[in-house]
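>
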Amino acid sequence: MSWQLHLNIWRSFPTLMVPRGAMVDARNIDGSTPLCDACASGSIECVKVLLSHGAKVNPPLYTASPLHEACMNGNSDCVQLLIDVGANLEAHDCHFGTPLHVACAREHLDCVKLLLKAGANVNAAKLHETALHHAAKVKNVDLVEMLIEFGGNIYARDNRGKKPSDYTLRSSPTAKCFEYYEKTPLSLSQLCRVTVRKAAGQRALEKIARLNIPQRLIQYLSYN
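Quick note: the sequence shown uses full-length UniProt numbering, first residue 1, plus one each step.
#1: Using the Cβ count rule (16 or more neighbours within 10 Å means buried), how would you classify Met72?
#2: Classify Glu179 as helix, strand or coil using the three-state DSSP reduction.
#3: Can you tell me the Cβ-Cβ gap for residue 226 and Thr130, rounded? I've got them flagged as a contact below 8 angstroms.
#4: In chain order, which alpha helix (DSSP H) runs of at least 4 residues are fully inside the UniProt domain "SOCS box" (180 to 224)?
#5: Does the beta-carbon of His69 have 16 or more other beta-carbons within 10 angstroms, so that it is buried, or is it exposed?
#6: Between the segment 168 to 175 and the segment 205 to 213, are three or more C-beta pairs nearer than 8 angstroms?
#7: Could you give the uninterrupted runs of the alpha helix (DSSP H) lying entirely in the segment 15 to 85, keeping only those of 4 residues or more?
#8: Tell me which residues share the same chain as Gly54 and place their Cβ nearer than 7 angstroms to its Cβ, disregarding the 5 neighbours each side in the sequence.
#9: I'd like to confirm the pairing. Which residues does DSSP put opposite Glu129 in its beta bridges?
#10: Counting beta carbon pairs with one atom in the segment 153 to 164 and one in the segment 191 to 202, are three or more of them shorter than 8 angstroms?
#11: Starting from the N-terminal side, write out each stretch of the beta strand (DSSP E) that is 3 residues or longer and does not extend beyond the UniProt repeat "ANK" (95 to 127).
#12: Are there 16 or more other CB atoms within 10 angstroms of the CB of Met1, so buried, or fewer, so exposed?
#13: How should His101 be labelled, buried or exposed, when 16 other C-beta atoms within 10 angstroms of its C-beta is the threshold for buried?
#14: Cα separation between Gly155 and Leu109?
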């Protein structure tokens, strides 16, 4: 019955998609689970139904996880739900790296911000390539600025020995953005925020919200 479950998801039949006896974590020919398919298609109702039937939010996969699929297709509602139920923000697939790598490569800024605020490692590397390398390659200034504000290392080098700025065109907006941050590093308060959030790790927002500090500081640490 697993084939029917995958088919129902792609047809977006949330009320019909879990036949009796269906294995909610069964893999298809590509190695994806039904939850991966639901996140890829952006059907939040399908995602909720699968999770309510016990689908694993972190299935043991070598390819894209449900969170990777949601980020790849810019399905921010699915991204938020997966984060809320404990999705692994640092899961690596065999192609891109972490979900943050995927979201940056596809320029889904809303997904990127959700991941970063939740505590995703902004400097996680796949073959020494960080999310900031992806942002530079797609020439997205807003994305570059966001990653740097969350502590992205502008001096990180990939397996070719290149910094993110090496993938920009001279005098382009992205090149000028990197030049600005090389000359104007983050303020002390910004660096302290990055350090606190790095210590908090995954689920950073939840941990910060429980700190016994003024609400204004909690808002600042949460990037609100």
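Every residue, glycine too, gets a C-beta built ideally from N, C-alpha and C.
Taking the definition as stated:
#1: buried
#2: helix
#3: Past the edges of the chain, shown from 1 to 224, lies residue 226, and the structure says nothing about it.
#4: 188 to 200, 204 to 209 and 215 to 221
#5: Note that residue 69 corresponds to Glu in the displayed sequence, not to His. Buried: at least 16 other Cβ atoms inside 10 Å.
#6: no
#7: 34 to 41, 44 to 52, 66 to 72 and 76 to 84
#8: Val24
#9: Listed as beta-bridge partners of Glu129 by DSSP are Lys126.
#10: no
#11: Residue ranges of uninterrupted beta strand (DSSP E) with 3 or more members are absent from the UniProt repeat "ANK" (95 to 127); none lies entirely inside it.
#12: Because Met1 sits at a pLDDT of 43, beneath the cut-off of 50, its placement in the model cannot be relied upon, and the point is left open.
#13: When all chains shown are included, His101 counts as buried.
#14: Residue identity check: residue 155 is Tyr in the sequence provided, not Gly. The straight-line gap from Cα to Cα measures roughly 22 angstroms.
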